[in-house]
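Report on one structure; see the data block that follows.
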Amino acid sequence: MRKYLVLLISLLFAAQLSAQSIEQADKSFEAGLYKRAEQEYKPFLNDKKADARYHAQLRTALALSYAYERDNALKAIYSYPVPKDDLWAARYYLIKTDILQQTLYYGTPDLAETKTDPTKFTFNQKQDAIKEIYKNLWDMRKKLVNMPIEDAMGYTTKYFSSSSALILTPTLYDYLVGEWIYKEIQPKEAILEESYKLGGKNREAVREVWRIERILLAAINDENQITDRSVAVFSPNSRRTYSENPPKDLPVADMLTAVSGQKPQEDKGKFFFKAKEVLGKAKAALEAGTIYNAVKEYQTAVAALDYCLALPLNYFTDRCKDIKDGITNPRFYIEDDGGFNRPTGQAATIKINAANIDRLYMHIYNLPAEKFKSTRSGHWLTSPDREVRRQIVDGKPLRTIIMELLYKQKYAPADAELSVPYMAPGFYAVVLSRQAAPDEDDRMVFLNFTDLAAYVTAYSATPDLNKLTYRGSQFKVYSLDAATGKLQPSASLQTGDAKKYTTAKNGQLQIPAKNNDKTGGLLLQKDKSYAIVPNIYFNHSEYDRYNIIINTDRAVYRPGQEVKVKLNVIERRPPAYTAYSGKQKIKVEARDANYNVIERRQLALDNMGAADFAFTLPQESLLGNFNINARIENQSGYASISVEEYKRPEFEVSLKDKEDVSAYGKPLVIEGSALYYHGGAAPNAKVTYSISKTYFTPWFVWWWMRVEPDI
7 MRKYLVLLIS LLFAAQLSAQ SIEQADKSFE AGLYKRAEQE YKPFLNDKKA
57 DARYHAQLRT ALALSYAYER DNALKAIYSY PVPKDDLWAA RYYLIKTDIL
107 QQTLYYGTPD LAETKTDPTK FTFNQKQDAI KEIYKNLWDM RKKLVNMPIE
157 DAMGYTTKYF SSSSALILTP TLYDYLVGEW IYKEIQPKEA ILEESYKLGG
207 KNREAVREVW RIERILLAAI NDENQITDRS VAVFSPNSRR TYSENPPKDL
257 PVADMLTAVS GQKPQEDKGK FFFKAKEVLG KAKAALEAGT IYNAVKEYQT
307 AVAALDYCLA LPLNYFTDRC KDIKDGITNP RFYIEDDGGF NRPTGQAATI
357 KINAANIDRL YMHIYNLPAE KFKSTRSGHW LTSPDREVRR QIVDGKPLRT
407 IIMELLYKQK YAPADAELSV PYMAPGFYAV VLSRQAAPDE DDRMVFLNFT
457 DLAAYVTAYS ATPDLNKLTY RGSQFKVYSL DAATGKLQPS ASLQTGDAKK
507 YTTAKNGQLQ IPAKNNDKTG GLLLQKDKSY AIVPNIYFNH SEYDRYNIII
557 NTDRAVYRPG QEVKVKLNVI ERRPPAYTAY SGKQKIKVEA RDANYNVIER
607 RQLALDNMGA ADFAFTLPQE SLLGNFNINA RIENQSGYAS ISVEEYKRPE
657 FEVSLKDKED VSAYGKPLVI EGSALYYHGG AAPNAKVTYS ISKTYFTPWF
707 VWWWMRVEPD I
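The sequence shown lines up with residues 7 to 717 when you count with the working numbering.
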């Protein structure tokens, strides 16, 4: 008796220890200690109890996945057999698809298909494996409708964070509907029909949602599938955008209002039903309101959305509110402000689009030109920052005009034109506000009533193309009559940095500009008229005037050998390149691998801008890269050679020059030979060759797109 009692106590203790250990593994897993959890689950991977075994296996695969050991996670999940229990099998399939999807784009494109190692699966194999798993889950659909979504939590990489979203996925079946549709496991209509026909735990509400989706799908696919009263041509995107054929969409919306219960009607059509659940009623009202809004039946849309909002709070309530707010909230925007500069003697017109606003206040403020200055966004007269906007509305307006707005139907937006009366020459801010007292957040339009115009160019101060340089460049400013275009003399000019100038009798003015020098804008004035040129700047990427090309007779040398060097100097002179024609000598240096000078020369260039010389490499020197530098008139060229130990070659490769010119699109034959130095041929030798072409871009059209050479 005592023996059996000890045995029983031992078994109970072992069971308790087992429970405590797997519980400890779960704690490590939940704490994000995935490597520790993996080790703690190991003793239970072959547990006799199925639940403990399945739990440990799936959590191990998940732990490896969360620890970014995706290949090991794949190997693990593929090493476990599919559980016999339906719920555990569903969990197994979910994890398997998650891990496959996480590794979908891993690997190289040249992988060969394999049936044994999942880590070597090709992209297509993984896609096929995922689709096969979803087919298996589809075959389990009558069981999945009785599995609450909570049963999947902790057994998938998906994170169920929104309690409201769970209302639409109360079961594993509902959670998988989107995946089945996306993977085209069955036709979409068949999946939706199953979704509302199948029973299952707590699915009454979501079944109605799927049935409404089926109505919408039928309206999209085939107008003959809907009852006669609700025939519609319903484009796939019309639920989110305006329809091309609004009247044909209305029957679908009418049908949905009946489904929702807003407008009770009898209909024995194929798809018609009366929603009984709050979620179904709200879904139908939401979709009806969306369609009415899309086809510009705004009042009917608001009625449907109000019905939705009167229902108890549910998943669709916030969406109904957002759409209603978009229809009913006061709003307006400027379609066309007409431009900044306006001729004197004419009124300005501002075009707007508005909705749900009975009147607009148009406040007109004078902007003194004396405050002209630069800001990061330009000059404050046309691009004021928030502080300047506040200063504008804190001042007293010159005039306030109240504009009454009219609409053809309630909630419908309408276009309107606001007329700003002609004001005396000068700068003005027109503040459009829904309130009698404006603030800095109101929309602003800036106007300049003027008879003056300005035109600015940037150019090189050196007209001699033979001595082209972009240093010391200029802005040339032209003051013009805005009506006739004639040059206007004696106009005053102020830059954003407060420097002042005056145009000459010919109406022109030159002001200095350095490369990348922003002026922040120019303010030109003559009499009482002004002109603004915002954010002018000068920028030019200047090329070196000379290009020095250095060639050597070889690329690789041995210590003590002679290096022959050829120099060519090319001058950039628009519109092309020419040989250097100056008289200066070119300075040349050769340096070893430690950058010590081993040769220094000054050479005269011939009338082709060329020179050549030779020098001998030191017999005792460090091997490596040697540099040759050449300089003329503060511009330089560079080349390098390699100095290596002697390696006796065994054969020589030679190619014959072509005697004729090759043409595009024609066969090209080049003859050559490989001979050993003792005179014999080198047969069966591997030959590697490449043919390339160079894309040439002249320096004076540097902005052309460069194309990589075709090999």
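All residues carry an ideal CB built from backbone N, CA and C; glycine is no exception. A quick note: this is a predicted structure, and the numbers were derived from the prediction, not measured.
Local Cβ density within 10 Å of residue i, reported as buried at 16 or more and exposed below that
{"i": "Glu-44", "result": "buried"}
{"i": "Gln-567", "result": "exposed"}
{"i": "Asn-522", "result": "Model confidence at Asn-522 stands at a pLDDT of 49, short of 50, so the residue's coordinates are unreliable; what they give is reported in the following sentence. By the 10 Å Cβ count, Asn-522 comes out exposed."}
{"i": "Thr-475", "result": "Since pLDDT at Thr-475 reaches only 48, below the 50 mark, its modelled position is unreliable, and the value read off the structure follows with that caveat. Thr-475 comes out exposed."}
{"i": "Met-153", "result": "buried"}
{"i": "Ser-425", "result": "exposed"}
{"i": "Ser-698", "result": "exposed"}
{"i": "Ser-500", "result": "The sequence given here places Gln at residue 500; Ser does not occur at that position. Label assigned to Gln-500: buried."}
{"i": "Gln-63", "result": "buried"}
{"i": "Asn-52", "result": "exposed"}
{"i": "Asn-613", "result": "exposed"}
{"i": "Tyr-670", "result": "exposed"}
{"i": "Met-159", "result": "exposed"}
{"i": "Ala-435", "result": "buried"}
{"i": "Gly-502", "result": "buried"}
{"i": "Arg-606", "result": "exposed"}
{"i": "Glu-29", "result": "exposed"}
{"i": "Pro-390", "result": "buried"}
{"i": "Arg-217", "result": "buried"}
Nonlocal neighbours in the same chain, by C-beta distance under 6 Å from residue i, ignoring five residues either side
{"i": "Arg-564", "result": "Tyr-652"}
{"i": "Ser-168", "result": "At Ser-168, the pLDDT of 46 sits below 50, so the modelled position is not reliable; the number obtained from the coordinates is stated separately. There are no such residues."}
{"i": "Phe-632", "result": "Asp-598, Ile-647, Val-649"}
{"i": "Asp-343", "result": "Ile-356, Val-451"}
{"i": "Gly-643", "result": "Ile-554, Ile-556, Ala-636"}
{"i": "Ala-420", "result": "Tyr-413"}
Residues bridged to residue i [DSSP beta-bridge criterion]
{"i": "Pro-518", "result": "Gln-480"}
{"i": "Glu-572", "result": "According to the sequence as given, residue 572 is Lys; it is not Glu. Lys-572 is bridged to Asn-557, Asp-618."}
{"i": "Gly-184", "result": "In the DSSP output, where bridge partners are listed per residue, Gly-184 has none listed."}
{"i": "Lys-506", "result": "Gln-500"}
{"i": "Ser-648", "result": "Val-562, Asn-631"}
{"i": "Thr-175", "result": "Paired residue(s): none; Thr-175 is not in a bridge."}
{"i": "Asn-454", "result": "Asn-347, Phe-433"}
{"i": "Lys-593", "result": "Gln-608, Arg-637"}
{"i": "Thr-584", "result": "Glu-577"}
{"i": "Tyr-5", "result": "As shown, the chain starts at 7 and ends at 717. That puts residue 5 outside it, with no answer to give."}
Residues near residue i in its chain [Cβ-Cβ closer than 7 Å; skip 5 each side]
{"i": "Leu-404", "result": "Ile-370, Tyr-371, Asn-372"}
{"i": "Leu-70", "result": "Glu-44, Asn-78, Ala-79, Ala-82"}
{"i": "Tyr-682", "result": "Glu-656, Phe-657, Ala-688"}
{"i": "Ser-756", "result": "Shown here, the chain extends from 7 to 717; a query on residue 756 therefore has no answer."}
{"i": "Gln-268", "result": "Ala-291, Ala-310, Tyr-313"}
{"i": "Gln-441", "result": "Tyr-367"}
{"i": "Lys-664", "result": "Ile-676"}
{"i": "Ala-561", "result": "Ile-647, Ser-648"}
{"i": "Pro-518", "result": "Gln-480"}
{"i": "Ala-691", "result": "Ala-680"}
Beta-carbon contacts of residue i that lie in its chain and below 8 Å, excluding the five residues immediately before and after
{"i": "Glu-639", "result": "Arg-551, Tyr-552, Gly-588, Gln-590"}
{"i": "Lys-282", "result": "Glu-210, Glu-214"}
{"i": "Leu-661", "result": "Ile-676, Glu-677, Gly-678"}
{"i": "Ala-799", "result": "Nothing can be reported for residue 799: it is not among the residues displayed for the chain, which extend from 7 to 717."}
{"i": "Leu-315", "result": "Thr-323, Cys-326, Lys-327, Lys-330"}
8 Å Cβ cutoff, residue i in contact with chain C
{"i": "Pro-518", "result": "Note that chain C does not occur in the displayed structure, where there is just one protein chain."}
(message) So, does the region 361-369 touch the region 403-412, judging by three or more C-beta pairs under 8 Å?
(response) yes
(message) Tell me whether the region 561-571 and the region 616-634 touch, counting them as touching only if at least three CB pairs, one residue from each stretch, are closer than 8 Å.
(response) yes
(request) Go through the region 364-447 residue by residue and report every complete run of the alpha helix (DSSP H) that reaches 4 residues or more, in order. (result) 392-400
(message) Just to confirm the assignment: which complete alpha helix (DSSP H) runs, minimum length 4, are found wholly within the region 134-160?
(response) 147-150
(request) Mind the definition here: the region 50-67 touches the region 83-92 only if three or more C-beta pairs lie below 8 Å; say whether that holds. (result) yes
(message) What ranges does the beta strand (DSSP E) occupy inside the region 295-377, keeping only unbroken runs of at least 3 residues that lie completely in it?
(response) 337-342, 347-349, 354-361, 365-373
(message) Counting beta carbon pairs with one atom in the region 174-182 and one in the region 122-137, are three or more of them shorter than 8 Å?
(response) no
(message) Check whether the region 184-192 and the region 202-211 are in contact - that is, three or more C-beta pairs closer than 8 Å.
(response) no
(message) With three or more beta-carbon pairs closer than 8 Å as the criterion, would you say the region 296-304 touches the region 318-338?
(response) yes
(request) Kindly provide the ranges of any alpha helix (DSSP H) runs that are 4 or more residues long and lie completely inside the region 39-93, ordered along the chain. (result) 40-47, 56-72, 76-85
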